[in-house]
Amino acid sequence: MSPTSETAHGGRRLVIVESPAKAKTIKGYLGPGYVVEASVGHIRDLPSGAAEVPEKYTGEVRRLGVDVEHDFQPIYVVNADKRAQVKKLKELLAESDELFLATDEDREGEAIAWHLQEVLKPKVPVHRMVFHEITKDAIREAVANPRELNQRMVDAQETRRILDRLYGYEVSPVLWKKVMPKLSAGRVQSVATRLVVERERERIAFRSAEYWDLTGTFSTGRAGDASDPSTLVARLAAVDGKRVAQGRDFGADGRLKSETVLHLDEANARALAAALADTRFAVRSVESKPYRRSPYAPFRTTTLQQEASRKLGFGAKATMQVAQKLYENGFITYMRTDSTVLSDTAVAAARAQVTQLYGADYLPEKPRVYAGKVKNAQEAHEAIRPSGDRFRTPAETGLTGDQFKLYELIWKRTVASQMKDATGNSVTVKIGGTSADGRDAEFSASGKTITFHGFMKAYVEGADDPNAELDDRERRLPQVAEGDALAAEEITADGHATKPPARYTEATLVKELEEREIGRPSTYASIIGTILDRGYVFKKGTALVPSFLSFAVVNLLEKHFGRLVDYDFTARMEDDLDRIARGEAQSVPWLKRFYFGEGEAPMGGAADAGNGDGDHLGGLKELVTDLGAIDAREISSFPVGDGIVLRVGRYGPYVERGEKDEEGHQRADVPEDLAPDELTVAHAEELLAKPSGDFELGTDPVSGNPIIARDGRYGPYVTEVLPDGTPKTGKNAVKPRTASLFKTMSLDTVTLEDALKLMSLPRVVGADDEGVEITAQNGRYGPYLKKGTDSRSLTSEDQLFTITLEEALAIYAQPKQRGRAAAKPPLKELGTDPVSEKPVVVKDGRFGPYVTDGETNATLRTGDSVETITPERGYELLAEKRAKGPAKKTAKKAPAKKTAAKKTAAKKTTAAKKTAAKKTTTAAKKTTTAAKKTAAAKPE
């Protein structure tokens, strides 16, 4: 039924979407009679802390935000930063005759629509408006054909949210107690972290193997051309019929997997090369096979993230941000999709463009159909493609920068998906000869020629391995036949070494998670962002490197919550959640089984939570209650070798030999940006050999206390050792004098005299004519003078001890600089940010180098450096900073409200009421509390 059939002529319709950008685009397509407004994401959620929970709830409900004793009822609260927007939406709804909920058509979008309906409580007809692209026709079609809210999708999303809350809020405190405060665990993030840690463990255990082979350059003896080269390069394949070992023949332990292959060392390889110097070679066989390569399927979320990483250098989060902009502005279809299906309209548009741009020879007779291969894919969605019934070429879009690059990638992939196969021939040539010492040597060469490029004219997929050969690469061999004589122009011995498994990149981690069916593709970008933000993983180039902290976290989870980070368990949990979405399972019994261990579940169901030994089939609650078996020191300790142990302490990783307070005990901090596989015994010995501990400088002649120098986590410093029994806490506590070393000083050269001078700071320089004291002090931003509340910077640390009163007065006689100092030139230019579309540069700031686009600043992280940071990494840091939102305002900002309130009489009255409310009697407080309880009892 048309949504306008029950609406009076000229009625007003309110359309609510998630983002302002989306609202702006859609508004232009609907015209008068429609008001399009954004919810700006989620308007309500589970409370982020106990303070947000209504007062009627107590105990565990306040902590979890979920009433686990009453069917896992979630406690939803309107986000503080969305209250003003909710008020605005209610006002607009009061003036409307119909409500269209036009949030994204996925589980999260369906949940947002449901929350809007619950909070706004509309008394007018409500319609669920869905579309996969933002074009004029698609929007008008969606308005004309709305549907009902899909409650199953809402229930499934709510179950996921409750499950993630229980997992995070129950397991994270265990990490706080046993590893380090402020850590977090998550249903998918912890498993993703485990994958990265396991790969690093493989690298640590890996032992390289050396192997050699021969490369021969053979000539046909005739003049060659581009289609028929005169030479070919072949690699030694076998000696006396025994295959020569290659890298794939060695295990991770550096040993051969099988004795049936020949392992050549350097001496034997060089000897064989010499023995083949005068050998007459001939072609033993020529094997030719037809070559055919079909086009790649159109993009879905994960394949777009992977290919954007390979070809454009984008991280998963940056890719999704650029794609979001393209979608909201009507250039592509919805970018969070598991489907590779194209609509009939899209197929027709792609085929038309193939004919127009490449000719009819490149168009297959029938349209290509790509079946979805992703388990539990939301097939209502399409693949990611250019929007509309006619695809705009990249040049026609008017896009620039990263939006242009990503659109071009999507456009090429979509058009190529409807083109003919690439065809050609692959050839293998075997060449043999007998060496001077009687051994038979066989060389092999492979070639490929493409006779019809087909879809490769439009698009060729990238590779995760930078050394891999792309599909469109040809290798032409000379036209030879069996028995043809060949002359060896050169035979060389080549040495190789096996390499450890490559670390994950964002692209390969996304691929691994999807292949294991862990989590949902639409969440991978945020999961990777989380493990980076939490310090579990850092980047070296594009590689994801686990921190030592992540080793401790994963170690604890594997030993005591094994099932919760088991890959199959996590994948089965996704299956269970999808069964709930399809109506094949019920949410509450499943949650009870997971949390309390109650009820029955199918064999192998993911709700059978327990530890890795499988001997504990209780629920999550019981697992996190019994923590006595967890030895915090053990789970954070990792043997390095030769009696050296790596430990993860509350203030970072360190290596240790021997026990504390025992003779010969050594300890040294480990750099937090050191990759775990680089911490060898030799490296640990170097760290332990560095000067550490206390450097005794002497005794303070005044106090008699020993003065020592130390290397702290924030740099070297000097301090005094107070006598035993000196109170350290309470009213009578005495703090030792402490001072950081100047930048020109070091632990090796600092003297007792230097230390006493440093600890004498701040130094009184003198007083001005009015008797106000001027002092020289060393602060976190460098040396400065202070007179009352007026501070002035000094140019060097030495001035702290040398500046005279006259010089200080001269500095204060100068007008104080207001605002910022002259801007420093950027350290590096990175390009244009895909989101803000502004130039991004690296600058040097108070807290070190940072990236900025003029609006958002993001400090470089551990593992980043000015020299190695890439444009993509810079965009990613800015995207993560934006995602966190602005810093929360502190209570100190409150007076500003009073100032603003003076602008109007009405506001004065309101402010006066608020001020008076602070001085209420006990009875008034009781009234307020009662009112709050009444409000809390009302459904939201």
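Residue numbers for the sequence shown follow the working numbering, so the first one is 31 and each next one is one higher.
Glycine residues also receive a C-beta, built at the ideal position from the N, C-alpha and C atoms.
Since we're looking at a predicted model, the values are computed, not measured.
Give the single residue among the options whose Cα lies nearest to the Cα of residue i.
i: Ala267; options: Gly492, Glu836, Ser823, Asp470; result: Asp470
i: Arg415; options: Tyr388, Leu372, Ala382, Gln383; result: Leu372
i: Ala301; options: Ile169, Arg195, Ala425, Ala466; result: Ala466
i: Gly801; options: Gln807, Gly818, Gly812; result: Gly818
i: Gly525; options: Ala239, Ala51, Tyr64, Asp883; result: Ala239
i: Lys319; options: Glu715, Ile833, Thr363, Thr458; result: Thr458
i: His483; options: Thr453, Gly571, Gly745; result: Thr453
i: Gly714; options: Glu750, Trp620, Leu676; result: The sequence shown places Ala at residue 714, not Gly. Closest by alpha carbon: Leu676.
i: Glu232; options: Ala304, Glu708, Gly878, Ala888; result: Glu708
i: Thr479; options: Lys487, Leu507, Lys57; result: Leu507
i: Leu717; options: Thr290, Ala739, Arg687, Leu782; result: Arg687
i: Val221; options: Asp863, Gly462, Tyr364, Ala601; result: Ala601
i: Ile46; options: Tyr880, Ala297, Glu128; result: Glu128
i: Asp295; options: Tyr241, Ser249, Asp255; result: Tyr241
i: Arg822; options: Arg810, Glu693, Ile841; result: Ile841
i: Phe581; options: Gly679, Pro397, Leu621, Tyr880; result: Gly679
i: Pro152; options: Leu123, Val116, Asn180; result: Leu123
i: Ala705; options: Val575, Ser666, Glu337; result: Val575
i: Glu750; options: Ala114, Leu727, Leu439; result: Leu727
Looking only at DSSP bridge pairs, what is residue i linked to?
i: Gln103; result: Asp97
i: Gly673; result: None; Gly673 has no bridge partner.
i: Pro813; result: Asn808
i: Ile480; result: Gly454
i: Asp598; result: Note: Asp598 sits in no beta bridge, so no partner.
i: Thr898; result: Answer is none; Thr898 lacks a bridge partner.
i: Pro879; result: Asp874
i: Thr261; result: Ser249
Does DSSP put residue i in a helix, in a strand, or in coil?
i: Val45; result: strand
i: Phe280; result: strand
i: His526; result: strand
i: Ala471; result: strand
i: Ala517; result: strand
i: Gly505; result: The question names Gly, yet the displayed sequence has Arg at residue 505. Of the three classes helix, strand and coil, the one that applies to Arg505 here is strand, per DSSP.
i: Arg767; result: coil
i: Ser339; result: helix
i: Gly71; result: coil
i: Asp741; result: strand
i: Phe591; result: coil
i: Pro925; result: Residue placement at Pro925 cannot be trusted, given a pLDDT of 45 that sits under 50; what the coordinates show is reported in the next sentence. Pro925 falls in the helix class under three-state DSSP.
i: Lys944; result: Any answer about Lys944 is weak, because its pLDDT of 40 lies below 50 and its placement is not dependable; what the coordinates show is given next. Three-state DSSP puts Lys944 in a helix.
i: Ala63; result: Reading off the sequence, residue 63 comes out as Gly, not Ala. If DSSP states are grouped into helix, strand and coil, Gly63 belongs with coil.
i: Asn585; result: helix
i: Gly58; result: helix
i: Leu76; result: coil
i: Ile461; result: strand
i: Ser220; result: helix
i: Thr572; result: coil
i: Ala637; result: Only weak support exists for where Ala637 lies, its pLDDT of 37 falling under 50; the coordinates are left without a value.
On the CB-based measure, 16 or more other CB atoms within 10 Å of its CB, does residue i come out buried or exposed?
i: Thr779; result: exposed
i: Asp185; result: buried
i: Thr945; result: Because the pLDDT of Thr945 is 43, which lies under 50, any placement of that residue in the model is unreliable, and the number read from its coordinates should be weighed accordingly. Exposed, by the Cβ-count rule.
i: Ala555; result: buried
i: Glu178; result: exposed
i: Glu230; result: buried
i: Gln354; result: buried
i: Thr710; result: exposed
i: Leu657; result: exposed
i: Tyr681; result: exposed
i: Glu48; result: buried
i: Lys272; result: exposed
i: Pro901; result: buried
Looking at residue i and the ligand NAP, is the gap between the Cβ and the nearest heavy atom below 6 Å?
i: Tyr554; result: The ligand NAP is not among the ligands present in this structure, which contains no ligands whatsoever.
Quick check on residue i - is its C-beta less than 7 Å from some C-beta in chain D?
i: Lys151; result: In the structure shown, chain D does not exist; there is a single protein chain.
Going along the chain, which unbroken runs of the alpha helix (DSSP H) with 4 or more residues stay wholly within the region 120-153? You should have 137-150.
What are the start and end residues of each continuous alpha helix (DSSP H) run of 4 or more residues lying completely inside the region 357-443, in chain order? DSSP runs (the alpha helix (DSSP H)) wholly in the region 357-443: 374-388, 424-427.
Which full runs of the beta strand (DSSP E) of 3+ residues lie inside the region 700-729, going along the chain? Segments of the beta strand (DSSP E) lying fully in the region 700-729: 725-729.
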